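Line order of the protein sequences matches chains A and B.
Each residue of the first sequence is one higher than the one before, counting from 1 in the numbering used here.
Each residue of the second sequence is one higher than the one before, counting from 168 in the numbering used here.
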Amino acid sequence: METGSVRTEGNAPGEPVWTGLPPGLLRMRRLLLVVWLGLLAVVAGVLLALFAPPGWVALALLPLVLAGWGWHMLGRNWRSWRYAERADDLLISRGVLWREETVVPYGRMQLVEVTSGPLERHFRLAGVQLHTAAAATDARIPGLDPAEAERLRDRLTELGEARSAGL
Amino acid sequence: MSTASPDPSVSPDLSADPDLPAHLDASARPDLPDLPAHPDVPDTSARPAAVPGGLPDAAAGSGPAGFPSPTAGAGHDGSVPDDGGSARGDGGSVRGDGDSVREDGGSVRGDGDSVPGDSAAGLGERPLSERRLHPVTPFRRAWAPVAVLAGWAVHDPGQAQEQLTRLTTTALLVGLAVIVPGAALYGFLSWWFTHFAVTDTELRIRTGLLFRRTAHIRLERLQAVDITQPLLARVAGVAKLKLDVVGTDDKDELAYLGEGEARRLRAELLARAAGFAPEAASEVGEAPVRPLLHVPPGVLAASVLLTGTTWASLAAALVVPTLLWFATHSAWTVLATGLPLLGAAGASSVGRFVGEYDWTVGESPDGLRIDHGLLDRAHETVPPGRVQTVRIVEPLLWRGRWVRVELDVAGSSNAVLVPVAPREVAYAVIAAVLPGTTVPALPARPPRRAGWCAPLRWRGYGLAVTDAVFATRRGLLRRRLHLVPHAKVQSVRLTQGPWERFKGLADVHVDAGAGKTVTARLRDAGEAAELLRAQADRSRTGRREAPPDRWMA
């Protein structure tokens with residue numbers, strides 16, 4: 001399957017093996033972007049054509065420009081998400097301008113959640129959310145394939161039980 | 168949660184499981200879905216959503232093998248079977264460690280909330296001796312109506328006076344005749360319906376008149392024990408006892424117990440939590456205390472006087488009403504702003520002195536003992552290995568003379584370890600709290616180019632990592648050094664904004680329990696990446712050397 005960041009393989013031992021997100025999330029976000037901004041463009045175009053002097057209709061193109069820019073940004077953001085399961089901890093890296101890299105030792109996980117809203121379910125996506133005893137821990141992997149999310153959840157829980165450390 | 172651990176919230180599916188013992192009868196079943204607060208609920212509700220066909224799988228996995236014995240579930244308020252609890256404790260499943268499990272009865276349970284005998288029969292353990300609180304307890308509620316009236320009078324003085332003049336003597340008498348017995352009855356009933364019992368692994372508190380509530384507080388998850396005595400309680404010879412575990416709230420305190428009983432109960436709870444045998448636990452008695460530190464009143468007074476906030480609040484309390492008087496010439500406005508300001512000034516000076524008076528820190532096998540207070544006395548006990556973070560605060564005017572040490576314990580509101588002490592003495596106390604810790608002397612500053620990200624402030628930042636702690640410093644005038652033991656680190660994060668990246672800098676955040684995050688700001692990007700990796704390793708291995716939860720076991 002094509003993924004955002006190429007699955008790096010065969011590099012030096014000790015280097016994490018990164019996995020990117022499947023394309024479903026990008027597809028969903030782009031579709032939403034196009035649908036909403038397209039609607040906005042149509043509504044704005046109709047209103048401007050009816051009530052504004054001619055020429056102002058060109059303003060209706062603005063949402064379309066925005067959509068193009070957003071299309072690009074969503075792609076960059078999606079490519080930036082990646083995670084790696086190491087022997088003892090989970091790495092999550094994300095963000096383009098504001099980068100964030102999180103390390104959570106398996107033994108610290110208190111709860112692993114698989115969440116999926118109605119829209120995500122329609123696109124066959126599921127997110128994995130990790131909780132530790134620290135509220136600030138922000139370890140979330142969105143837009144996974146449901147089977148992969150299940151696998152990740154089970155594996156994390158299993159590793160968490162094996163290395164359990166508590167508070 | 169994994170498919171391997173028992174999960175009571177999937178129990179509806181289990182009723183169809185042919186392997187379940189037949190005597191899981193109707194009377195037992197209402198107990199099963201009886202966990203409205205079960206933290207796993209979002210998990211399971213999401214499971215079918217995430218994966219079609221996931222739920223049957225999970226139910227099968229947690230079937231006969233994993234499901235806690237239904238007979239245990241059939242007992243009494245033990246709708247939280249013990250093996251369910253231990254499965255929960257060991258990670259993977261419950262956030263905040265699921266320390267106290269509650270059932271807010273009333274709505275779900277129809278089976279007359281557990282006669283004590285029923286529980287003994289159901290669980291097949293020795294009968295629980297349920298106890299009531301001290302008989303003086305009802306009177307703690309007696310002042311409530313008075314306080315409400317007083318609060319209203321203060322809030323709206325003009326109208327209160329108007330109402331008072333209209334009140335006739337008969338109306339007053341009738342009012343008293345209704346309010347006083349009502350309050351007394353409420354106080355009496357809430358006392359009558361509150362029971363507590365100590366089992367081998369739990370403290371159980373059963374309370375509530377209309378809405379029953381049972382808290383089971385697991386002793387091995389104990390974070391701290393507090394005995395507090397407000398002034399009036401001291402006069403009456405009673406005390407409040409509170410067990411801090413993650414997730415308890417104010418309702419889970421035992422108020423009031425007799426003074427001696429509170430101490431005996433604390434000793435017993437600590438002995439059980441420490442891992443003494445159940446038979447021995449009630450006879451172990453108080454652990455001996457070795458004093459570490461006592462703050463003389465003179466030093467405390469001087470330290471309060473040398474604190475900037477004291478003078479700032481006092482100045483505000485004097486200047487603001489004066490200015491208002493010249494501006495408005497309205498006595499009410501001046502009073503309305505002046506009184507709260509004076510109150511704040513008082514709280515930050517006199518209040519602090521009174522609260523931190525006679526501050527004594529001692530060390531015992533049960534952990535750290537902190538006793539303090541002039542009017543209200545408080546006695547705190549923090550068992551070994553419960554401290555999540557420690558902060559050394561050094562206000563500008565104290566520099567070179569004293570430091571203040573604050574600490575964080577998960578689920579506890581205690582925040583001060585040493586209100587004021589010379590540096591060496593405070594460091595000795597820290598060494599007792601976090602064994603094997605030496606406070607790093609000179610934290611390393613960020614590189615000079617950090618000045619582009621945080622002009623001036625960057626000079627206050629610092630970082631030091633020792634074998635035992637991750638330490639960061641911040642603050643230019645009021646210096647704060649935060650220490651996190653490696654064993655308490657829950658996760659490590661590296662963040663980098665665009666401007667920081669341009670300058671080749673990054674921040675490293677270390678998340679500890681008790682909701683604290685310690686940040687090393689503006690480190691060199693390469694150093695930060697290395698730090699992230701190394702800190703993850705250290706926090707993973709740090710836990711291995713840490714003492715067990717049951718510290719005497």
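Ideal Cβ positions, reconstructed from N, Cα and C, are used throughout, including at glycine.
Being a predicted model, the structure only gives us computed values, none of them experimental.
Name, please, each residue of chain B whose Cβ falls closer than 8 angstroms to the Cβ of residue i.
i, result
"R140(A)", "Under the 8 angstroms cutoff, chain B gives no residues; its nearest Cβ is about 12 angstroms from R140(A)."
"R79(A)", "Near R79(A) there are no residues of chain B at all, since even the closest Cβ is about 17 angstroms away, more than 8 angstroms."
"D169(A)", "Since the first residue shown for chain A is 1 and the last is 167, residue 169(A) is missing from the structure and cannot be characterised."
8 angstroms is my cut-off, CB to CB: does residue i come that close to chain A?
i, result
"T684(B)", "yes"
"G664(B)", "yes"
"E712(B)", "no"
"W718(B)", "no"
"L699(B)", "yes"
Taking the straight line between their C-alpha atoms, what separation do you get for residue i and residue j?
i, j, result
"P105(A)", "L90(A)", "6 angstroms"
"R124(A)", "D634(B)", "46 angstroms"
"G540(B)", "P463(B)", "13 angstroms"
"A438(B)", "I92(A)", "42 angstroms"
"T686(B)", "V675(B)", "6 angstroms"
"Q330(B)", "L352(B)", "27 angstroms"
"S706(B)", "Q396(B)", "39 angstroms"
"H461(B)", "T474(B)", "20 angstroms"
"L459(B)", "A514(B)", "28 angstroms"
"A338(B)", "L410(B)", "45 angstroms"
"W18(A)", "R79(A)", "12 angstroms"
"A52(A)", "L689(B)", "52 angstroms"
"M73(A)", "R660(B)", "24 angstroms"
"V57(A)", "A503(B)", "58 angstroms"
"V151(B)", "G709(B)", "Lying before the first or after the last residue shown, residue 151(B) is absent from chain B, which here runs from 168 to 720."
"P305(B)", "A482(B)", "42 angstroms"
"T211(B)", "P146(A)", "At T211(B), the pLDDT of 35 sits below 50, so the modelled position is not reliable; the number obtained from the coordinates is stated separately. Straight-line Cα distance between these residues: approximately 14 angstroms."
"L97(A)", "R82(A)", "15 angstroms"
"L370(B)", "E547(B)", "18 angstroms"
"T605(B)", "K407(B)", "36 angstroms"
"V43(A)", "A49(A)", "10 angstroms"
"A287(B)", "D367(B)", "Model confidence at A287(B) stands at a pLDDT of 36, short of 50, so the residue's coordinates are unreliable and nothing is read from them."
Answer with yes or no whether the minimum CB distance from residue i to chain B is below 8 angstroms.
i, result
"G107(A)", "yes"
"L97(A)", "yes"
"V104(A)", "yes"
"E15(A)", "no"
"T19(A)", "no"
"E85(A)", "no"
"E100(A)", "yes"
For the alpha helix (DSSP H) that residue i lies in, which residues bound it at each end?
i, result
"E694(B)", "692-712"
"S480(B)", "475-495"
"Y594(B)", "590-600"
"L564(B)", "Run containing L564(B): none; DSSP gives neither H nor E here."
"V207(A)", "The structure shown has nothing for residue 207(A), since chain A only spans 1 to 167."
"V65(A)", "62-80"
"D145(A)", "No alpha helix (DSSP H) holds D145(A); DSSP gives it neither H nor E."
"Y353(B)", "336-359"
Over what stretch of residues does the beta strand (DSSP E) that includes residue i continue unbroken?
i, result
"G629(B)", "629-632"
"P112(A)", "Correcting the residue identity first, residue 112(A) is Val in this sequence and not Pro. Counting along the chain, the beta strand (DSSP E) containing V112(A) begins and ends at 109-115."
"V405(B)", "405-411"
"H653(B)", "That residue, H653(B), is in no beta strand (DSSP E); it is neither H nor E in DSSP."
"L90(A)", "89-94"
Quick one: which chain A residues come within Cβ less than 8 angstroms of residue i?
i, result
"A679(B)", "A134"
Find the residues of chain A that neighbour residue i, judging by a C-beta separation of less than 9 angstroms, and give them in chain order.
i, result
"V651(B)", "By Cβ distance, chain A contributes nothing, its closest Cβ being about 10 angstroms from V651(B), past 9 angstroms."
Anything in chain A within Cβ reach of residue i, meaning under 7 angstroms, just list it in chain order.
i, result
"V659(B)", "V103"
Please name the residue in the options whose C-alpha comes closest to that of residue i.
i, options, result
"M109(A)", "L61(A), D154(A), T19(A), R29(A)", "D154(A)"
"R544(B)", "V636(B), F520(B), P562(B)", "F520(B)"
"T115(A)", "H131(A), D88(A), E101(A)", "H131(A)"
"L21(A)", "W69(A), R94(A), A162(A)", "R94(A)"
"A400(B)", "V392(B), S497(B), D393(B), A422(B)", "A422(B)"
"R640(B)", "H653(B), R558(B), W565(B)", "R558(B)"
"R27(A)", "A147(A), A84(A), G75(A)", "G75(A)"
"V65(A)", "G117(A), L37(A), V112(A), A49(A)", "L37(A)"
"G117(A)", "A133(A), E85(A), P142(A)", "P142(A)"
"G721(B)", "P550(B), A350(B), A654(B), V677(B)", "No answer is possible for residue 721(B): it lies beyond the span of chain B, which begins at 168 and ends at 720."
"L467(B)", "D419(B), V592(B), S480(B), Y524(B)", "Y524(B)"
"W625(B)", "A713(B), P614(B), F637(B)", "P614(B)"
Is the closest heavy atom of the ligand COA to the C-beta of residue i under 7 angstroms?
i, result
"R299(B)", "This structure simply doesn't include the ligand COA, nor any ligand for that matter."
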